[in-house]
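Going line by line, the protein sequences match chains U, L, P and F. For what it's worth, our numbering labels the leading residue of the first sequence as 20, then goes sequentially. For what it's worth, our numbering labels the leading residue of the second sequence as 360, then goes sequentially. For what it's worth, our numbering labels the leading residue of the third sequence as 101, then goes sequentially. For what it's worth, our numbering labels the leading residue of the fourth sequence as 145, then goes sequentially. Even for Gly, the Cβ is constructed at its ideal location relative to N, Cα and C. Only a predicted model underlies this, so the values are computations on that prediction, with no experimental measurement involved. The structure appears below as structure tokens.
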Amino acid sequence: MNYIYPEYEVVRNYARCIVCRACENQCANCVHRYIESENRMESKDDDCVNCHRCVTICPTRALKIIKSDHTFRYNSNWTGKTINEIFKQAESGGVLLSSMGNPENYPVYFDKILINASQVTNPSIDPLREPMETRVFLGSKVHKIKRDSNGKIDTSTAPQLDLSVPIMFSAMSYGSISYNAHESLAKAAEKLGIYYNTGEGGLHEDFYKYSKNTIVQVASGRFGVHKSYLDTAAAIEIKMGQGAKPGIGGHLPGAKIVGAVSRTRMIPEGSDAISPAPHHDIYSIEDLRQLVFSLKEATDYKKPVIVKIAAVHNVTAIASGVARSGADIIAIDGFRGGTGAAPTKIRDNVGIPIELALASVDKRLRDEGIRDRVSLIVGGSIRSSTDIIKAIALGADCVYIGSAALIAMGCHLCRSCQSGKCNWGIATQIPNLVKRLNPSIAYQRLVNLVTAWNHEMREMLGGMGINSIESLKGNRLMLRGVGLTDKELEILGIFHAGE
Amino acid sequence: MLIKEGSIRIPSGCAVSAIIDRSKKRFSGEAIIRSISVMHERSNGLGGGFAAYGIYPEYKDYYAFHIFYENAEVKKNCELFLDDNFDIINLSKIPTQKVSEIVDEPLIWRYFVIPHPTKLKASQLDEREFVVKAVFKINTTIKGAYVFSSGKNMGVFKAVGFPEDVGRFYKLDEYEGHCFTAHGRYPTNTPGWWGGAHPFALLDYSVIHNGEISSYDANRRSIEMYGYKCTLLTDTEVITYIIDYLHRKMELDFNEIAAVIAAPFWQTIARMPEDERKEHEYLRNVFSSLLITGPFSIIVGFQDGVVALNDRLKLRSMVVAEKDDLVYVASEESAIRIIEPTLDKIWYPKGGEAVIIKTKEESKSK
Amino acid sequence: MKRVYVNEQWCLGCRLCEYYCAFANSNESDIVKALKDKKIHSNIRVETKGNINFAVSCRHCEEPLCVKGCITGALQKKDGLIVVDKDRCIHCYTCIVCCPYGAVSPSADGVIQKCELCAKISGNQPACVKGCINQAIVYEER
Amino acid sequence: MKHVIIGNSAAAIGAVEGIREIEKASEIVLISDEKHFTYSRPLISYYLEGKTDRAHMHYRDYDFYETNKCIPMLGVTATKIDVKKKRVLTVDNSFVAYDKLLVATGSKAFVPRIEGLDSVNEKYTFMNLDDAESLLNALRPTSRVLILGAGLIGMKCAEGLYEHVSSVTIVDLAERILSSILDAESAQIISERITSKLNILLKTSVTRFVGNTAYLTNGASIEFDVLVVAVGVRPNTAIFEDCGGKIAKGIIVNSKQETNIKDIYAAGDVCESYDMTISQNRILALLPNAYMQGHTAGKNMAGCETEMIATLPMNAMGLFGTHIVTAGAYTEQKFIDRKNGYKSLFVDGDKLKGYIIIDGIEKAGIYTALIRESVALSKEDFELIRVSPTLAAFSDAYRKGVLSGSKNK
């Protein structure tokens, strides 16, 4: 007996269905079925994950997915969602698993912040007529002028990342996403003059050609980490935490450790890839410092080292410690950040919003006078150009986008990555599904997205009378809050609208 | 009640003017008053002021503090503080005359001081840094006292009012100096406060500024990391601190400073010869938060010259002219022609191009 | 000359190209009206074997055996494009015997049909190319 | 350069198009004893049937001669080739000089000697448009038609006039209909499908005619009103033979369609072809073959060395609604599939040699290509190909070559 009633219903408009069977062909969950004797299609709602693959490709728009109105007796405490979760766990005895970012109804501070524009006293700048600069360097910027005997400035700096626009693709491992998805990200990063991040799954040998746009990750499992992996990268990221699941490790099931994934991770085929919760050589901040310098030593101090942390309650102190650990860049991942699989309860209840984490970290680092020592990257649900503008005005140097990049490639946020049967060819290793993501399309869509966002950012910058992105960084006067409490405004370091 | 500078950020537009004699010949402040008065329409009576260099030759080795006091009580407190930290060589009320347009004047005092040797030694700071710290201390902790001039052999004179009225109020025509700068203010939403008028000065650096910078808070939050405290929340204040930081602390020359605050666009940098390109890339990258965007024309006065600089898009007018040893800078050509109708040379500097005018002595010594 | 090419690496075998082709050649403005309850006769056909899928349509050969073999002159090469004069086809299907790709086929009324790159239909891209969900079908110069 | 072509059908038109691919400006003269604009000979049975009309029988667009800048001399019979002077003499004693000459004179109906044939009033052959016109004029709804020959021409003729007359009888000495293109089983299938329409008498022939009665070898006699003689064709080699040309069953040509005489080429039904499926020269009187030979000849005449592609017999025909396609040679080893009509694939060793398909004809050209290109079956998925002709059955390399455009021949 199955306690769970399907959450979604497939609605087929039989007056429009031409029985082309494309839905059947494209559903990896086998929701659609052709009934030959009646020459008609049928659907099995139980297996539908609401990924919209069928809906999107249906040539006659004969399909839609609706939320089932099947309901429990009203109870605002014991909601249907809660009851179903208990049913599931009573059935399976297991941890509830979910994918992608926290979908619950917590405040989204970005949506309560408004952006300024110039009027009269200060001209807005037309980005179509004047240069509008979005180039950003990430890395330590120590203010110390050294001159040679002729008085010429020594122009050497700590290693930097040079970005055409302050957007990077955040860490998504080969294994959690497909070869084609990785290739799309890599190609797009190259085309855009930005960086993508290997995640903790190693770097497939085919993608070494994108090395100058590649950030390689060193995570607690140390999968795929070897000398040439480090050497090929533009930067190295130590992953201490992930916004979707702070405090816990990762688990890529053996079923996904096949062929090239296994080779790239340097673990046997079929073995589960388990990333421990902590790095077992980092139990405190001084251990982190050792790893940072080990990696720098290994790469001749030529590559910036990023330390990625999840936004948790005492993120300011952690960030301050990291800034003093020798890291060149700190990446902070907010509690809305995506994941290929995480325990639902952790994803939905652990961590803090990135806006607050960013504002307080930026302030703390400035208060300590060490903000220039590190660059700040923020991620964890950057959804639009305005989120980026707001993040930078709050103090970020750059943002990581993960979910938005996946959505650009076709992800419909069905949040079923953990099943490995991604109908869009992204979060899967099944060859027939992987081929659904043609990198020449996906890469172009990524390029388009970032290009579009860049256009919008330029417009907004111009509107503010700013013609270079660095003049927005930490420029919190360009922001005003709406509907926020004094405490929230204080943490964000912004005035309320009207002030 | 309207809020004054320091509690709120006030953007404003303005007029600027400067005259410098490169031979260091001193001349009366009358000319600069005439020059700035021509641009009456660019001010709205909510602030005017002057910086005058070379006016205190007899006290040239002492820091001349010009201080506004709200009342005698404050003055007493402040003088206690000064006494504690400095040797006060001379103190006096700054001479003024009644001008009907200038009202609500605070107590305006002048002190010629030198850091107390033992205090200075104990602070482990260099002398100038010691002075800066003291100025910040007064401005941030002694409520009602405001040091608006703190350089050697120079002084700032400013008030709420049109600049020509301010000039008459301070009897500027009775001073002689080799360099004067002037400012007429057009703030957009405040009655103006005497301290908020320009020039804004720290040590010998004085800044007058026309414009409204869009990078303000980015610059402020960045410069405050280096020991500055923006108490006025005005553009001019933050620009002054940036210039002080880059020139005095980072020891950049004014061309290099221009490459930071009014940096060339990346596309321009890309076309430069390699050495120059590397230097510009370096300066833009390392001091990225000190890039100033939005419209500005600024005139920075310092001990031995002035620097005139426009924002990189040249969103504000500024003209420079020469006649013999005299060099003129102003928002409008008329402000120059009124005092010198026949010029040797007149030009409009490009956006981001620093025009550095140094006195001859200084040039020689370099 | 631009031709339709199929990259089987990306062909998903969904057969949508067949439907978009049939629709484009149907003279109907509504896809449902054009294709509902009808056996479709498309000029592009998907072939599948195991995990291999690809679509085949007329290659518009330089030396077209179908045109050479056509006994009536109904198949002609015009500006590189191989077109059918439907009035002159008498359903002998010599072209079917000649075409090495199986890209010519009888239509519902027996007259021969084949891909004409949507030349007579508006649009600068053939319908199969426009409709392909994975850019497996491309229209380009090679 | 002046090209002269004797003929105005598929081979001649192929030659014009072949020449024009290479030379845009040279002179081309077409000499044809038929007065018609170039038309499709095989259409005459459809014309008879009423499925087409004169307006739709033109083999090329009406501006063909102008567009290709050729001078048609229609209704003019070429009588002699003067090899020494390089000119063609015509029936009106004028001549046309040539630099290159193509003999594309086609074939004519073979009329056997049968006692009393002369006495038959309404007797016709069925080779060209004039034949079809004459025959059509002779037909009455009451006509009883006797056709000698159950080959392609005879059967298509029968189909063409079936609706117009009261009865059709076909007599052929062979033991099956369409004996040159069908094997016993396939012929039987067709026979069964048309037996209600036609009276087919096999393994017999006419010994003599007496008026409108034919007496057969099997002792029977048939009364008829109209007689069509369609027992076979013979190439029109006379004009070439007279000037010293070498012939076997037809004109002997090499792979460039050159004859033994310098600057004289031959193409179409008049000459022999090398049938790759039996590795022998033979006459392949088929339109596609004629066109391709003409096209090859034309390119060579214009100076572009070109070889005739591998030739094999190919037939496609509709007969009373049944579609039949065949190709190649019929060997001993065969794979028969009767699921959808009839399909027989003939294999020799590792090669496909021929096929006969009834009804399920789609994509048959893929089989033709297998034969023409001598594809080694062991390298492809023959199990799959046997079921249906599909490119999916081919090896990756072959298939990608075909689909990627590197092989657009």
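Using CA atoms only, rank isn't needed, just tell me which of the options is closest to residue i.
i: SER339 of chain U; options: U:GLY266, U:GLY388 and U:PHE514; result: U:GLY388
i: HIS568 of chain L; options: L:ALA423, L:ALA541, L:ARG381 and L:GLU640; result: L:ALA541
i: LYS210 of chain U; options: U:TYR93, U:LYS131, U:SER459 and U:VAL397; result: U:SER459
i: SER402 of chain L; options: L:ASP612, L:TYR604 and L:ALA518; result: L:ALA518
i: GLU104 of chain U; options: U:ASN442, U:GLU26, U:GLU478 and U:GLY194; result: U:GLU26
i: MET285 of chain U; options: U:ASN216, U:GLY220 and U:ILE349; result: U:GLY220
i: LYS492 of chain L; options: L:VAL462, L:CYS589, L:LYS530 and L:MET513; result: L:CYS589
i: ILE144 of chain P; options: P:SER126, P:PRO164 and P:VAL104; result: P:VAL104
i: LYS186 of chain P; options: P:SER205, P:LYS139, P:VAL197 and P:CYS198; result: P:SER205
i: VAL472 of chain L; options: L:GLU486, L:ALA694 and L:TYR587; result: L:GLU486
i: ALA350 of chain U; options: U:LEU314, U:LEU384, U:ILE396 and U:VAL453; result: U:ILE396
i: ASN578 of chain L; options: U:ARG499, U:LYS492 and U:VAL501; result: U:LYS492
To the nearest angstrom, how far is the alpha carbon of residue i from that of residue j?
i: LYS244 of chain F; j: THR172 of chain P; result: 27 Å
i: CYS36 of chain U; j: LEU345 of chain F; result: 54 Å
i: SER303 of chain U; j: LEU310 of chain U; result: 11 Å
i: ILE338 of chain F; j: PHE464 of chain F; result: 7 Å
i: ILE188 of chain F; j: ASN272 of chain F; result: 7 Å
i: LEU496 of chain U; j: PHE514 of chain U; result: 8 Å
i: LEU157 of chain U; j: ASP347 of chain U; result: 8 Å
i: CYS436 of chain U; j: ALA360 of chain U; result: 7 Å
i: SER399 of chain F; j: TYR198 of chain U; result: 52 Å
i: ASP406 of chain U; j: VAL546 of chain F; result: 50 Å
i: HIS537 of chain L; j: ALA390 of chain L; result: 12 Å
i: MET428 of chain U; j: GLY120 of chain U; result: 17 Å
i: ALA537 of chain F; j: PHE354 of chain U; result: 52 Å
i: GLU638 of chain L; j: ASN124 of chain U; result: 50 Å
i: ASP463 of chain L; j: VAL525 of chain L; result: 13 Å
i: LEU360 of chain F; j: PHE368 of chain F; result: 13 Å
i: GLU681 of chain L; j: ILE705 of chain L; result: 6 Å
Contact defined as beta carbons within less than 8 Å: I believe residue i pairs with residue j. What is the distance between those atoms, to the nearest angstrom?
i: CYS39 of chain U; j: ARG115 of chain P; result: 6 Å
i: ILE447 of chain L; j: TYR470 of chain L; result: 6 Å
i: GLU216 of chain P; j: MET101 of chain P; result: Incorrect: roughly 13 Å between the Cβ atoms, too far for contact.
Can you name the residues that DSSP bridges to residue i?
i: PRO216 of chain F; result: F:LEU174
i: ILE379 of chain L; result: L:CYS538 and L:VAL686
i: THR251 of chain U; result: DSSP lists no partner for THR251 of chain U.
i: ASN343 of chain F; result: F:THR313
i: PRO379 of chain F; result: F:SER251
i: ILE501 of chain F; result: F:VAL469 and F:LYS487
i: VAL232 of chain F; result: F:ILE225 and F:VAL240
i: SER205 of chain P; result: P:GLN213
i: PRO362 of chain U; result: U:LEU116
i: ASP419 of chain F; result: F:GLN424 and F:THR455
Quick check on the DSSP output: what are the complete beta strand (DSSP E) runs of length 3 or more inside the stretch 436 to 477 of chain L, in order along the chain? 445 to 452 and 466 to 474
Only counting runs of 3 or more residues, tell me where the beta strand (DSSP E) segments fall wholly within the stretch 440 to 491 of chain F, in order along the chain. 458 to 463, 466 to 472 and 477 to 481
Runs of alpha helix (DSSP H) wholly within the stretch 607 to 650 of chain L (minimum 4 residues, chain order): 613 to 620, 625 to 629 and 633 to 645
Output the residue ranges of the beta strand (DSSP E) runs that lie fully inside the stretch 494 to 525 of chain L and measure 3 residues or longer, sorted by chain position. 504 to 508 and 513 to 518
Residues in the stretch 171 to 197 of chain P with C-beta within 7 Å of chain B's C-beta atoms, listed in sequence order? This model lacks chain B altogether, as its protein chains are U, L, P and F.
Quick check for students: name the residue ranges of the beta strand (DSSP E) that lie wholly in the stretch 345 to 401 of chain U, counting only runs of 3 or more. 348 to 352 and 394 to 398
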